[in-house]
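Some notes on the structure that comes next.
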Amino acid sequence: MTEVTLDRIMSAAPFAGLTKPASAALKEQIGLGLSAPGRAISNRRARVIWAGQRMWLVAADVALDGLAAVTDQSDAWAILRIEGPGVVDVLARLVPIDLRADHFKGGHTARTMLGHMSVGITRVGAQAFEVMAMRSMAATLVHELQSAAENVAAR
Amino acid sequence: MRITCPHCGERDRREFYYQGDAVALARPAPDAGAQAWDDYLHNRDNPAGDTQDLWFHEAGCGAWIVVTRNTVTHAVADTKLAAMVKR
Amino acid sequence: MRLQAPENTVGFTFDGQRYRGVPGEPVAAALLAAGVRLVARSFKYHRPRGIMSAGSEEQNALVTVGRGAQAEPNVRATMLEVAEGLEVFSQNAWPSLKHDVMAVNDLASPFLGAGFYYKTFMWPKPFWEKLYEPVIRRAAGLGGLSGQPNKDRYEKAFAFCDLLIIGAGPAGLMAALTAGRAGADVILADEDTAMGGRLLREVEDIDGQPGADWAADAVAELAGMQNVRLMTRTTVTGAYDQGTFGALERVAGPRQARKPLECFWRIVAKHAILCAGALERPIAFPNNDRPGIMMAAAVRAYVNRWGVAPGKTVTVFGNHDDAHRTAHDLVAAGVKVAALIDSRDDVEIKADFPVYTGAQVIGTKGRHALESIAISHGGETREIRTDCLAMSGGWNPSVHLTCHMNRRPTWREEIASFVPTPEAVPGLMPAGACNGAFSTAACLQEGAAVAADLARDLGLKPKVTVPVADDGAYRITPLWAVPGKGRKWVDFQNDVHVKDIKLAAQENFCSVEHMKRYTTQGMAPDQGKSSNVLALAVLADATGRGISETGTTTFRPPFVPVSIASMGAGSQGKGFAPERLTTSHNASVARGAPMIEAGLWYRPSYFPRQGETHWRQSCDREVGHVRNAVGVCDVSTLGKIDIQGPDAAGLLDFVYTNMFSTLKVGRARYGLMLREDGHVMDDGTAARFGEQHFVMTTTTAAAGQVMRHLEFVLQVLRPDLDARIMSVTEQWAQFALAGPYSRTLLNTVLDDPIGGSDWPSMACGDVQVAGVTGRLFRISFSGEHAYELAVPARYGDSLFRLLVAQAESLGGGAYGMEALNVLRIEKGFITHAEIHGRTTAYDIGMERMISRKKDCIGQSAATRPGLVDQDRDQLVGLKAVGAVKQLTAGAFLFEQAAAPVRVNAQGYTTSVAYSPTLDAGLALGFLKRGRARHGEVIRMVDHLREIEAMVEVCDPVFFDPDGGRARG
C-alpha cells in the first residue's frame, strides 16, 4: 500500500451540450480528452478519471472557461495504491462491486463504497488498484484496508 | 437488492439513497392550488405490483434514477436517468 | 468405537474429560468413537440426548466451544472440527450432564405440554414479566453468552460469479464440472469440510470406481480450473433479491489470534443451482429420543466416512429401501446388526441378521443411553437388546432456499415430501435430491442438465457427459407416528412431541402457522429442518386433512444460524463510521482539546489551559476571547459547494427562499433553504465569486443532504437549469477569526493587509496568504467583527498554528464547539437544534425571507394556513430569572400556574448555554405565540432531569441586538 500524490487535480464538469468541445479543448491542452463513463486514461503528462455523472477529475492544470465548471481538487483527495497477488481478495472485504479481472479491466474506474466511505477505484495493473477517498477520511481508509489485508493474510 | 444504474451498471442497493415515489418528477406550478400540492407532497398510491420510484446513486455516479419495480416480486423491470425522463 | 485405529490423533476435551480424535473430523465422530452417548440436555424437559445426525441439521448435540470471552454457544458437534486443545462443553445442564437437577422438568412433563406456560402463568398479570418469565427462561434454553466483548475476528466479504452452485454432492459436482468445463465462472459452495456430499458417506460406485474417489477426482479437476472457485465449509444461508445470496464460511484451520473465525459472504450470481440434497426425517415412536437413537444415514456416514461405529449392536428401523443399505453397510464394516425392522409388509429382505417386516418400534429403554427397544411384529411384542437404533422415516428435499422469497414448496405424493415450486426464486434452479431426485444417477443427470442449460444461457457451449451410477428407485410407504403410549418426539430441538401437536389441533390451532406458534415446533436455530414434514403429517392426521391441504410454514433465512459477530464484522470503530479529521486535528489534540463528533467529523470541544479544571472555565474564557479580543475556530467542516454555470444564480434562486441573482460579485448573502413541504431544510451563506460562480456553505450536519438536494433539483425538478455543482469541502481549510481584533489578526497573515473599509460586512474574495491564494469572507456566526479565511487544505495545519499563536499574542486564542455554541446562542443564531425538521420559516421569524418574486422550493407549501398559524410555536429567547439558573435542552415550557403535564405544554427548549457575557442562563426554544409574549415569565420543566426553572420570554437575540459589533 503506497500513497499516490498528484500535484494537481481539477474537477471538470462540462456545461449542457458542451461535453464534446470541452473534451476537444482538454485534448489540446493535455493530450487527453474526457474519458468514457467508467474509464480512466492517462499519458505521460496527465490523467483523466471519470468521476461520476458529467464529472471528471483531471490530474493537470486545465482551463475550460465557458465550457465546463472547473474546481481545484488538488487537496481534496487521499489516494492509495494497493498492490499484490491478494489485492482483489482484500478489496472484496470492503467494496461491493465486481472487481474480477475480466469484468473490471485495466483502465476501468468506478465510483463506489469502501466500507462506509464513498471512493473511486481504478484498476492500474493486473494486481494493482488505486483508491481515492476524501482527504479527511485518509486515516480511516488506511485503517480499513490494513485490517482487511491482515485478515486475508492470516488465512 | 440490486439496481442497474444507467451509468455504472448493476450495483448493490447500499450504494443508493431511496427518495420515494417518482411523482416527484411532476412538480405542480406554484399556483396549481392546494389540492395539487397536497397530492404532490403527501398522497401516494400503495400498489401491490409495479411502482416507480426515485433513487439516488449517492455512493456512485450521483445520478438520480427512476426505478420501475414490483412490490410483490421485487423484480426491477427498468431503470432510467431521471434527467432523461420525459415529463 | 473405531473400526480401524487412526494414524494421527490429537487431544481435545469434552466437559473437562480428555479425548482423542482425528484432526478435522467432527467432534461428534470422536465422541461416538470414544463411546460417549450422552452429550446434551434437551431444551425444555432436560431429557438426556445424544448425537442424532451428521450434519448442520443436528438438533440435539449443541455444545459450547472455548471459554471466557471466546466461548461460543450452540455449536453443532456434528459441524465442529476436532483440533488439538479444543475445549468443548455441554449446555443446559447443572451441576453436570449426568446429574442435571432440571431433569425434574421431565417428571413434571404431564403438566408442561404445549401452551402450559401461557395457561398457567396468566395471573396475576404483573408476575409474568418480573417472576415467571425469567424463571422459565432460566430453566429452558440453550447455551449462554459470556457477556464479555468477543475478541475473535470475523469478516464480511463480497463475491461475484456467473453461476453459484449450492452444495457439492453428486448433483453439485456434476453441475460444476459441466459448467466449469464449458468455461463458466463458477462458485461451488458446500458446508462440509470436503466436497462430495453423500458420495463420501455411502458405499456405491460411479463409473466403476468408489463414489468418494470419483468425487475426489472431480474436485481435483475443478480445483485446476481458473474459472471455478471452490468454497468448502461455506453454508449458503439465504437467497435474496436479484441473485444475491448470503453464505457463512467457517474459516479453515486452527484458531489463531488474528485469524478470522468466520466470514459472511454476499455472493452475487447471474444464475444459481440449488444442489442442497435432502435431509432424513425421524419417525415418531415412543421415547425415540434416547442417546443412541440416530438417523440411519448418519450412522452410515460415521461408519463409511469416519470409520466410527456408533454402537456395538445396531438396530435399523425404516420405511423405505434406504434403511436396508444401513444394515448392509454395518455388516460390511463388521458391526453387529441386531435387527432390521421395516414397517412395510410388502418387502422381502434376505440377510444374515433378523429381519422384521410389517413391524414397528413401539418403545425404548435406557436412561442415559439406549439399552433395548420393543417392537411390535405380527401382533406380538418383542424386546431387542441394542445400543444404537438407526431410524429413517424417509427423505425431505432441502427446499429451504427456494422458500426464501416467500413461495411455498409443492407436495409430491410419491416421495411423501415437498419439492421446490418452479421459479420460486428467480434465477435459482434446483437439481438432484433437493428436487426430489433421490438416486445418484438421477442426481448426476439433473446436475449436468441444469448446468448445461444455464451455461448455454451464458452463451457457452457445454458438453454433457454423465457417468454411470446407481439408479435404484426410491420406494417408500409413509410412516409418521407409531401408535401407542409415551412421548413421541417430533421436534427434538424444541422438545415438541406428537401429543403437543394434537393438543394444538384440539384447541383449534389447526392452521399450520398457529400450530407452529402454539407448540414452538420448527422455531429456533433448527427452523424445523428435520421436523417440519413430520409435524405437518401429524397435524394433518389430527385434523383429518391431507398434508398438501394442511400446507407448510415457510422457511426463512438463514438456513443455519449466522453469528451476529460475522454479520457485524468490520463494523466497529472506524468501520462503523469513518472518521473525518480536519487539518487542525493534530494541533487541537496537541493542545489537549477533547474532540467531539459532529456527524462524521471530529471537532474540538474546548482548549483547556493550565489551571482550568472544568470545561466551563475554558468555555467562558474562550467566549471572552471572542467578545474582547480575538478567537480562532476551525470551520472547515461546514459544507462548501462550488456552483458554476449560466444558470448558477437561477439554481440558487430556486433552492433558497431569497434572491441570489441580485447579489453582487464579491458579496455573500445569508440564505434559507426549505423542503418542498414548507419546512426549513438548512441555512447558510452563498458567496458570489463571478457572474456564473458561487460558493455555497451548508451546515456541517446537512452537507450531504444539501448536495443530494441540489442534484435532485438539477436532474429531476429543473433539468433546464445549466449549472454544475461540486463539493469543495475537502479542498479548503477554513478558519473563523472573530472578535474586535480579528482584522489585526488577519493582517498578520495576509500578504496585503486590508484596511477598515476594504472588506465591509458580507464581502468576499481572493486574498494572498504567504504567497498562497486563499479566500476571505467577512461573515460572522458570533455577532462580532469576524472573517473566515480559507486556504488549500495542505496549508491548513500551519495556518491554524500560526493564527492561534498570533491570536494568543493579541490576548485571544483558539475556541471550540462549546464557546461557538454559547456565542451563537447569545446572538440567537439558529442551528439544526432549532431547524430540526418541524419548524417553518414563520416559526423562526424568517417568513419575510420567502421572496414572492420567484418560484422556489417550499414556497407553495409554506403558505398553507397551518404553517403560518399564529398559534404555532415560535422561536423565542428564554432567560433564567429565578433561583435555578441552569436551563436544559429538551425541557417543556408551561404557564406559571399550569400543572406540568403534557396537555399544558406550551413549547420546549432547543439550545441552552450559560452566557458569561451576560452572566445569565440562556435558552432558545419554541413557545406558542412566543413572539407576542416577550416579557412574560413562564416555567421550564425538565421531567427527565427533574429540573424546574423560571424563565423570562425575550427576543432570541440576547446580545447586541442592533448588530453594531459585527458591522463595526
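Chains as they are written, first to last, in the working numbering: chain A, 1116 to 1270; chain B, 14 to 100; chain C, 618 to 1585.
Using N, Cα and C, we set each Cβ at its ideal position, and we do this for glycine too.
- Contact between C:L839 and C:G797 is confirmed by a C-beta separation of about 6 Å, below the 8 Å threshold.
- Within 8 Å of the CB of B:P19, no CB atom of chain C is found; the nearest one sits about 12 Å away.
- Ranked by Cα distance from C:A1387, the first of C:D962, C:E772 and C:L1363 is C:L1363.
- Note on geometry: alpha-carbon atoms of C:H1202 and C:W1349 lie some 14 Å from one another.
- Here C:Q634 is exposed, its C-beta having fewer than 16 other C-beta atoms within 10 Å.
- One finds R15, E23 and D25 in chain B with Cβ atoms closer than 9 Å to the Cβ of C:V885, taken in chain order.
- Between the alpha carbons of C:G789 and C:T810 lies a gap of roughly 15 Å.
- In the DSSP assignment, B:Q65 falls within the unbroken beta strand (DSSP E) covering D63 to F69.
- Scanning its chain for C-beta atoms nearer than 6 Å, with the 5 sequence neighbours on each side dropped, one finds around A:G1148 the residues S1138, L1141 and K1142, in chain order.
- For C:R875, the chain A residues whose C-beta falls within less than 7 Å of its own C-beta are E1265 and A1269, listed in chain order.
- The beta carbon of B:A61 sits no closer than 8 Å to any beta carbon of chain A.
- DSSP links C:E704 through a beta bridge to C:T630.
- C:S670 is not a Cβ neighbour of C:M1008, given a cutoff of 8 Å.
- By the rule that beta-carbons nearer than 8 Å mark a contact, C:E866 does not touch chain A.
- Under a 10 Å Cβ-count criterion, C:L1268 is classified as buried, with 16 or more other Cβ atoms of the shown protein chains found around its own Cβ.
- Residue pairing by DSSP places C:M1313 opposite C:I1258 and C:A1303 in a beta bridge.
- Contact between the stretch 691 to 711 of chain C and the stretch 1015 to 1035 of chain C is absent: fewer than three C-beta pairs spanning the two stretches fall below 8 Å.
- Neighbours of B:G33 in chain A, taken as residues whose beta carbon is under 9 Å from its own, are absent, since the nearest beta carbon is some 21 Å off.
- Contact of A:E1259 with chain C by beta-carbon distance below 7 Å involves K1191 and G1192.
- For C:V964, the CB contacts under 6 Å within the same chain, skipping 5 residues up- and downstream, are T974 in chain order.
- For B:R40, the chain C residues whose C-beta falls within less than 7 Å of its own C-beta are L1334, listed in chain order.
- Within chain A, Q1168 have C-beta atoms less than 7 Å from the C-beta of B:A76, given in sequence order.
- For C:E1130, the enclosing alpha helix (DSSP H) starts and ends at V1129 to T1136.
- Within 8 Å of the CB of B:G46, no CB atom of chain A is found; the nearest one sits about 32 Å away.
- Within the model, the alpha-carbon separation for C:A1090 versus C:D779 is close to 34 Å.
- The residue among C:F1224, C:T1317, C:K1133 and C:E1563 with its C-alpha nearest the C-alpha of C:G1216 is C:T1317.
- Boundaries of the beta strand (DSSP E) around A:A1248: A1243 to M1249.
- Within chain C, the residues placing a beta-carbon under 9 Å from that of A:M1232 are P1195, ordered along the chain.
- Chain A has a Cβ within less than 8 Å of the Cβ of C:M1343.
- Secondary structure of B:W50 (DSSP, three-state): helix.
- Sequence-ordered contacts of the stretch 76 to 96 of chain B with chain C read A76, W77, T86, H87, A88, V89, L94, A95 and A96 [C-beta pairs closer than 8 Å].
- Restricting attention to C:Q1423, C:Q687 and C:V1345, the CA atom closest to the CA of A:W1192 is found in C:V1345.
- In this structure, C:D906 and C:R693 do not form a Cβ contact; the two beta carbons are roughly 17 Å apart against a cut-off of 8 Å.
- At least one C-beta of chain C is nearer than 8 Å to the C-beta of B:W50.
- When the Cα atoms are used, C:V682 and C:C1127 turn out to be separated by approximately 40 Å.
- Taking all protein chains in view, the Cβ of C:G1161 is surrounded by fewer than 16 other Cβ atoms within 10 Å, so the residue is classified as exposed.
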